[in-house]
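As given, the protein sequences belong to chains A and B, one line each in that order. Residue numbers for the first sequence, in the working numbering: 1 to 153. Residue numbers for the second sequence, in the working numbering: 1001 to 1345. Heads up, the beta-carbon is just placed ideally off N, CA and C, and yes, glycines get one too.
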Amino acid sequence: MKARPYPRWISRLFILLAGVLAVTGFMQMPITKRYYLSDLPGMAWSANFYTVHRVHYVLAALFLLLLGIVAANWFRAWRGKLALTGFGWARIAVVAALVVSGGFRVYRNLPGVTLDPSLVLAIDWVHLIAAVLLGVLALAALIARRSAYAVRR
Amino acid sequence: MGKTKNRDGGVSRRGFLKAMGVGGAGMLLPAAAARAGEPRVPRPSDGELATLLDLSKCIGCGACVEACRESNAHKFPEPEKPFPDLVPSSRAKNEDWSDKRDVDDRLTPYNWLYIQNAEVEYEGESYDINIPRRCMHCQNPPCANMCPFGAAGKQTNGITRIHDDICMGGAKCRTVCPWNIPQRQSGVGLYKDLMPRFAGNGVMYKCDRCYQKLEKGELPACIEVCPENVQTIGPRHEIVAEAKRLAKEMNGFIYGLEENGGTNTLYVSPVPFDEINKVIDKHPLNKPVGKGLGPGKPHMGPVKDVMADETNLATATLLAPVAGIAAGILGLGARLADKEDDDES
């Protein structure tokens, strides 16, 4: 297993936030009520589409906060000491697609903003496909025992 | 006469006119009737369009309902039967309107516009108000914003459309719509080609404001056919100004100006909408959509901006990365593990 030289709390928070974002992302589909997930103890909130949507926003904000911390550290202190792995590059590209498409989704949900429906459709599908792709890449990296985004130079 | 005074008796004005075929006659005379009110066909450059419904004029003849059906008949679903056995059967139910296509006293996949009636006593006078009901075409439509597949979308001309080739029929749009407008037909659509038993349940249908006619420079059917010129369509700022002028003139009230942050369907009535909402046959406000064939009878109560929280949270998503960068610059999380104690987890 490749070592992760960056702080453990950053890894764990990243995995936690990406995980719950994926879950609340897929909960945007009308499945929790149909498949009794909202009947599980403590999961009643998942039957309310607005609640799930807002939770996704809050989690996305926390995720962006973490990405901001990592980005600042990378350019300020880590860049000369660490090198991105192949899986790291791939997942960063996918995370970037998620961030950009998610940002567009937030933007188009603002009052007074109307984007071309074709663009909106593309944004929605990029976001959905990128989320699935990130999961696939994360699983592949885990299986290959190369889950670190960056290693020491 | 704008105010339609209530007339006691067993036959409603709508029923009487229907029986006399006035509604049908109105359909045959759309151009002349429409020109009398000088409606202007909007141009693409007009941007976001809105409609104004002057409820003091509506006689409830039903011509708009019939015209809507005729104009949009080619879009109506033709489901394949038998329907998939949905899983789990206790939760997922097929919704079939294909044998009830004639239903016109509520919204269905085959009836995108219907007329509600409100008999209201207000300031010592009786009013018989007829209200054509269809999609409100919200300025910030939650059905479009929250559709997980991008099947529902708002066009730059203010029309919110559901694309039947993408819609999976999950009916989320109906649940998040403050008026529960879209209606589901099972047995049609994309879900049948994917996992029909396990995901999706048909296609959602609602008013698309006759986009195909607007694209050709024609008026939506319900507007074109109305013998009383109840509806007007135009750039939203013009329609809002006209609604306010009309409301002031009749000492009336506007619905749609503030509801859900503003809609592109504005009603002007001589009686308060609270009074109308009390008496119309409707699905109760804020009551979850249950099982079965859906409510299909929208209320006319107050509606807060359902996307307001998302609007506020958007600021948080903008500030969060900035705060993160600031924290990173200040050194949060900067320390790398020593080479010998690298995290092996």
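CB residue i to CB residue j, shorter than 7 angstroms?
i, j, result
"residue 1202 of chain B", "residue 1169 of chain B", "yes"
"residue 137 of chain A", "residue 90 of chain A", "yes"
"residue 84 of chain A", "residue 150 of chain A", "yes"
"residue 1111 of chain B", "residue 1060 of chain B", "no"
"residue 1064 of chain B", "residue 1226 of chain B", "yes"
"residue 1135 of chain B", "residue 1206 of chain B", "yes"
"residue 952 of chain B", "residue 73 of chain A", "In this structure chain B extends from 1001 to 1345, so residue 952 of chain B is not present and cannot be described."
"residue 1057 of chain B", "residue 1228 of chain B", "yes"
"residue 1099 of chain B", "residue 1186 of chain B", "no"
"residue 37 of chain A", "residue 29 of chain A", "no"
"residue 1204 of chain B", "residue 1182 of chain B", "yes"
"residue 130 of chain A", "residue 97 of chain A", "yes"
"residue 1086 of chain B", "residue 1197 of chain B", "yes"
"residue 111 of chain A", "residue 1140 of chain B", "yes"
"residue 1235 of chain B", "residue 1105 of chain B", "no"
"residue 1324 of chain B", "residue 102 of chain A", "no"
"residue 1303 of chain B", "residue 1178 of chain B", "yes"
"residue 17 of chain A", "residue 63 of chain A", "yes"
"residue 1305 of chain B", "residue 1260 of chain B", "yes"
"residue 1049 of chain B", "residue 1266 of chain B", "no"
"residue 34 of chain A", "residue 1091 of chain B", "yes"
"residue 1155 of chain B", "residue 117 of chain A", "yes"
How would you write the range of the beta strand (DSSP E) that residue i sits in, first residue to last?
i, result
"residue 1153 of chain B", "1152-1154"
"residue 948 of chain B", "Given a span of 1001 to 1345 for chain B in the structure shown, any question on residue 948 of chain B remains unanswerable."
"residue 1235 of chain B", "1231-1235"
"residue 1080 of chain B", "Note, residue 1080 of chain B: premise wrong, no beta strand (DSSP E); not H, not E."
"residue 83 of chain A", "82-84"
"residue 1131 of chain B", "1125-1133"
"residue 1185 of chain B", "1183-1185"
"residue 1254 of chain B", "1253-1255"
"residue 1266 of chain B", "1265-1269"
"residue 1053 of chain B", "1049-1054"
"residue 152 of chain A", "150-152"
"residue 1114 of chain B", "1114-1122"
Tell me whether residue i is buried or exposed, calling it buried when 16 or more other Cβ atoms sit within 10 Å of its Cβ.
i, result
"residue 1330 of chain B", "exposed"
"residue 1001 of chain B", "Annotation note: pLDDT 34 at residue 1001 of chain B (below 50); position unreliable, coordinate value reported separately. Label assigned to residue 1001 of chain B: exposed."
"residue 109 of chain A", "buried"
"residue 134 of chain A", "buried"
"residue 1026 of chain B", "For residue 1026 of chain B, the predicted model reports a pLDDT of 34, less than 50, meaning its position is unreliable and no value from the coordinates is stated."
"residue 1108 of chain B", "buried"
"residue 1308 of chain B", "exposed"
"residue 1127 of chain B", "buried"
"residue 1160 of chain B", "buried"
"residue 1310 of chain B", "buried"
"residue 45 of chain A", "exposed"
"residue 1074 of chain B", "exposed"
"residue 1113 of chain B", "buried"
"residue 1247 of chain B", "buried"
"residue 1032 of chain B", "Since pLDDT at residue 1032 of chain B reaches only 38, below the 50 mark, its modelled position is unreliable, and no value is offered."
"residue 75 of chain A", "exposed"
"residue 1133 of chain B", "buried"
"residue 32 of chain A", "buried"
Report back the beta-carbon spacing between residue i and residue j to the nearest angstrom; my notes put them in contact at under 8 angstroms.
i, j, result
"residue 1176 of chain B", "residue 1142 of chain B", "4 angstroms"
"residue 1264 of chain B", "residue 1158 of chain B", "4 angstroms"
"residue 1270 of chain B", "residue 1250 of chain B", "5 angstroms"
"residue 1241 of chain B", "residue 1254 of chain B", "Contact doesn't hold; Cβ gap of about 12 angstroms is too wide."
"residue 1151 of chain B", "residue 1163 of chain B", "5 angstroms"
"residue 82 of chain A", "residue 1320 of chain B", "Contact doesn't hold; Cβ gap of about 24 angstroms is too wide."
"residue 1281 of chain B", "residue 1116 of chain B", "7 angstroms"
"residue 106 of chain A", "residue 1317 of chain B", "5 angstroms"
I'd like the span of the alpha helix (DSSP H) that includes residue i, first residue to last.
i, result
"residue 953 of chain B", "Missing from the structure shown is residue 953 of chain B; chain B here goes from 1001 to 1345 and no further."
"residue 1276 of chain B", "1273-1279"
"residue 1175 of chain B", "1172-1176"
"residue 136 of chain A", "117-143"
"residue 32 of chain A", "Premise fails: residue 32 of chain A is in no alpha helix (DSSP H) and is neither H nor E."
"residue 24 of chain A", "8-26"
"residue 69 of chain A", "49-73"
Does the beta carbon of residue i fall short of 6 angstroms from some heavy atom of the ligand NAP?
i, result
"residue 123 of chain A", "You won't find the ligand NAP in this model; it holds no ligand whatsoever."
- prompt: What are the residues of the stretch 62-87 of chain A that lie near chain B, defined by any Cβ-Cβ distance shorter than 9 angstroms?
  reply: Those residues of the stretch 62-87 of chain A that come within reach of chain B (Cβ to Cβ, closer than 9 angstroms) are 62, 63, 64, 65, 66, 67, 68, 69, 70, 71, 72, 73, 74, 75, 76, 77, 78, 81 and 82.
field: Where the stretch 1132-1161 of chain B meets chain A: residues whose CB sits under 7 angstroms from a CB there
entry: If the cut-off is 7 angstroms between Cβ atoms, the stretch 1132-1161 of chain B has 1139, 1140, 1145, 1146, 1148, 1149, 1150, 1153, 1154, 1155 and 1156 near chain A.
- prompt: For the stretch 1195-1225 of chain B, which residues have a beta carbon sitting closer than 7 angstroms to at least one beta carbon of chain A?
  reply: Identification of residues in the stretch 1195-1225 of chain B having a C-beta nearer than 7 angstroms to some C-beta of chain A yields an empty set.
task: Taking a Cβ distance cut-off of 8 angstroms, strictly less, list which residues of the stretch 1290-1315 of chain B are near chain A, in chain order.
output: Along the stretch 1290-1315 of chain B, going in chain order, the ones with a CB nearer than 8 angstroms to a CB of chain A are 1305, 1306, 1307, 1309, 1310, 1311, 1313 and 1314.
query: Between the stretch 1321-1334 of chain B and chain A, which residues of the former have a C-beta closer than 9 angstroms to a C-beta of the latter?
result: Listed by position, the residues of the stretch 1321-1334 of chain B near chain A (Cβ gap below 9 angstroms) are 1321, 1322, 1323, 1324, 1325, 1326, 1327, 1328, 1329, 1330, 1331, 1332, 1333 and 1334.
- prompt: For the stretch 2-18 of chain A, which residues have a CB atom closer than 8 angstroms to at least one CB atom of chain B, in sequence order?
  reply: From the stretch 2-18 of chain A, only 3, 4, 5, 6, 7, 8, 9, 10 and 11 have a Cβ closer than 8 angstroms to chain B.
query: Residues in the stretch 1163-1195 of chain B with C-beta within 9 angstroms of chain A's C-beta atoms, listed in sequence order?
result: In summary, the residues of the stretch 1163-1195 of chain B whose CB is separated from some CB of chain A by less than 9 angstroms are 1163, 1166, 1168, 1170, 1171, 1172, 1175 and 1176, in the order they occur in the chain.
- prompt: When Cβ atoms are compared, which residues of the stretch 104-133 of chain A fall closer than 9 angstroms to chain B?
  reply: Correct list: 105, 106, 107, 108, 109, 110, 111, 112, 113, 114, 115, 116, 117, 118, 120, 121, 122, 123, 124, 125 and 128.
- prompt: Any residues in the stretch 1245-1266 of chain B with a beta carbon nearer than 7 angstroms to a beta carbon of chain A? Which ones, in chain order?
  reply: If the cut-off is 7 angstroms between Cβ atoms, the stretch 1245-1266 of chain B has 1261 near chain A.
message: Short of 8 angstroms Cβ to Cβ, which residues in the stretch 40-62 of chain A face chain B?
response: When CB distances to chain B are screened at a threshold of 8 angstroms, the residues of the stretch 40-62 of chain A falling below it are 49, 50, 53, 54, 57, 58, 60, 61 and 62, in chain order.
Chain-ordered residues of the stretch 1088-1101 of chain B with a beta carbon less than 8 angstroms from chain A: If you check each beta-carbon in the stretch 1088-1101 of chain B against every beta-carbon of chain A, the ones closer than 8 angstroms belong to 1088, 1091 and 1092.
query: If you measure beta-carbon to beta-carbon, which residues of the stretch 1045-1078 of chain B are closer than 8 angstroms to chain A?
result: Against chain A - using a Cβ distance shorter than 8 angstroms - the residues of the stretch 1045-1078 of chain B are 1048.
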